[in-house]
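To start, the structure under review is shown below, and the notes come after it.
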Amino acid sequence: MEFIGQNPPQVNHTALEEFILLGFSDVPNLQGFLFGVFLIMYVIILMGNSLIIIITKVDPSLHSPMYFFLRNFSFLEICYVSVTVPKLLTDLCGQNRKISFLACATQMYFFLILGLTECFILTVMAYDRYVAICNPLLYPLIMNSRVCMQLAAGCWTSGIPVHIGFTYLIFSLPFCGSNQLNHFFCDVPPVLTLACGDTFMIEMLIYVIAIVVVTIPFMLIFGSYVKIITTILKLPSATRRAKAFSTCSSHLMVVALFFGSGIITYLRPKSSHSTGTDKFLSLFYTVVTPIFNPMIYCLRNKDVILALRKFLLNKLISNNIFPMAKDSHL
76 MEFIGQNPPQ
86 VNHTALEEFI
96 LLGFSDVPNL
106 QGFLFGVFLI
116 MYVIILMGNS
126 LIIIITKVDP
136 SLHSPMYFFL
146 RNFSFLEICY
156 VSVTVPKLLT
166 DLCGQNRKIS
176 FLACATQMYF
186 FLILGLTECF
196 ILTVMAYDRY
206 VAICNPLLYP
216 LIMNSRVCMQ
226 LAAGCWTSGI
236 PVHIGFTYLI
246 FSLPFCGSNQ
256 LNHFFCDVPP
266 VLTLACGDTF
276 MIEMLIYVIA
286 IVVVTIPFML
296 IFGSYVKIIT
306 TILKLPSATR
316 RAKAFSTCSS
326 HLMVVALFFG
336 SGIITYLRPK
346 SSHSTGTDKF
356 LSLFYTVVTP
366 IFNPMIYCLR
376 NKDVILALRK
386 FLLNKLISNN
396 IFPMAKDSHL
């Protein structure tokens, strides 16, 4: 048949050694501005989450399962954003937007595994709040240090084999035609657009994995909060109800931001995908959500605010910036 002879030469498939990340090259006049914006956001994310890790570690009042998982979550956010933003900054300040085939696969793998870890940690944090509010008498027994360590280890490691195989399948596909990746990092949808042949099975696998690692954790979180809210509404004291809601509202906001953008990106029909929308959604869950997390957890949590004030005051006293504070016991 005639169309068989029109297939791209196989040498193009095997010779592919790199992609070109187009990123935001379509707005050349804004490169400097975007570099400054993303650099500031990256620094805020690093500093904000590092501060949460420090204060939840050094303050004895925050040595509880809730803050143990928050510390894991903050460290995860630092890793998660560092997979994509440094390369984005490099591309914005230079003309070399190339990324090797291996580096692209590595970036995709770590992005996927850290995103999966975030889904699991957010689920475990919801379970922690469920036990604390619905079974307060059994909370110290159920959420003991050994269980917390096991849950955290499971969150960090359980998805490793799945995404090793998934990333291998994607990059085992033949690639032909242009090697220009119209995105700012190696995400699954834009990489698949450059693949030759039938990608139907890979696309179905994406839906299956997304349902397992995104939809199921989201439904578990939703179910936990249905029980939590039901229990809170039964509390006789308005003060206790307000305190219980305040410990949950921060987590709910983060869950809504992360899962909302993730579900829209990976579970919406392929026909509705557009380059601009994909880039915007990717920016939302790779940069915008991580920058909000420390603000949400710090500004909406009185215990964290108190610990932060105490930590900063102790630092100022130790550096003799406020020498009188030591004598006045402030």
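Under this note's numbering, the residues of the sequence shown are numbered 76 to 405, in order. Beta carbons are placed, not taken as given, at the ideal position from N, Cα and C, and that holds for glycine.
Quick check on Leu163: does DSSP put it in helix, strand or coil? helix
Return the chain-ordered list of same chain residues with a C-beta closer than 6 Å to the C-beta of Ile130, the five sequence neighbours on each side being excluded. Ala382, Leu383, Phe386
Alpha carbon to alpha carbon, how far is Leu332 from Ala319? Give it in angstroms, no decimals. 21 Å
Give the DSSP bridge partners of Ile95, in chain order. Lys173, Gln255.
Evaluate the contact criterion for the segment 265–273 versus the segment 217–229: three or more CB pairs, one atom per stretch, below 8 Å. No, the segment 265–273 does not touch the segment 217–229.
With the cut-off set at 9 Å, would you say Phe259 and Cys179 are in Cβ contact? no
Got a sec? Which residues, its chain only, sit under 8 Å from Gly98 by beta carbon, not counting five neighbours each side? Leu163, Asp166, Leu167, Arg172, His258, Phe259
Buried or exposed: which applies to Ile291, given that a residue is buried once 16 or more other Cβ atoms fall within 10 Å of its Cβ? exposed
Taking Arg221 as the reference, give the member of Ser157, Glu278, Pro140 with the closest Cα. Nearest to Arg221 by C-alpha distance, out of Ser157, Glu278, Pro140, is Pro140.
Please state whether the Cβ-Cβ distance between Met370 and Gly107 is less than 9 Å. no
Environment of Met294 [buried if 16+ CB atoms lie within 10 Å]: exposed
Check whether the segment 192–212 and the segment 241–248 are in contact - that is, three or more C-beta pairs closer than 8 Å. no
Which one of Gly234, Phe334, Gly298, Leu248 has the shortest CA to CA distance from Tyr460? The requested residue 460 does not occur in the structure, where the chain is confined to residues 76 to 405.
Rounded C-beta distance between Glu92 and Ile120? I'm assuming under 8 Å. About 32 Å; that fails the 8 Å criterion.
Residues of its chain near Ile303, where Cβ-Cβ distance is below 7 Å and the 5 sequence neighbours each way are ignored: Contacts found: Arg204, Tyr205, Ile208, Cys209, Cys323.
Starting from Phe250, follow its DSSP beta bridges and name the residues at the other end. Ala270
Starting from Cys223, follow the alpha helix (DSSP H) in both directions and report where the run begins and ends. 220–232
For Leu388, the three-state DSSP class (helix, strand or coil): helix
Please state the DSSP three-state secondary structure of His138. coil
Own chain partners of Lys354 with C-beta closer than 7 Å, once the 5 adjacent residues on each side are dropped: His258, Phe259
May I have the straight-line CA-CA distance separating Lys377 from Met218, to the nearest angstrom? About 22 Å.
Have a look at Val330 and Leu109 and give me their C-alpha separation to the nearest angstrom. 27 Å
Report the residue from Arg316, Gly337, Tyr282 whose alpha carbon sits nearest the alpha carbon of Leu189. Gly337
Through-space distance from Cys373 to Leu216, alpha-carbon basis: Taking the straight line from one Cα to the other gives about 28 Å.
Tell me whether the beta-carbon of Val160 lies closer than 9 Å to the beta-carbon of Phe113. Yes; because the gap between Cβ atoms is below 9 Å, this pair is in contact.
Which residue marks the beginning of the alpha helix (DSSP H) containing Tyr360, and which one marks its end? Tyr360 -> no alpha helix (DSSP H), and no H or E assigned at all.
If we count the other Cβ atoms within 10 Å of its Cβ and call it buried at 16 or more, is Met279 buried or exposed? exposed
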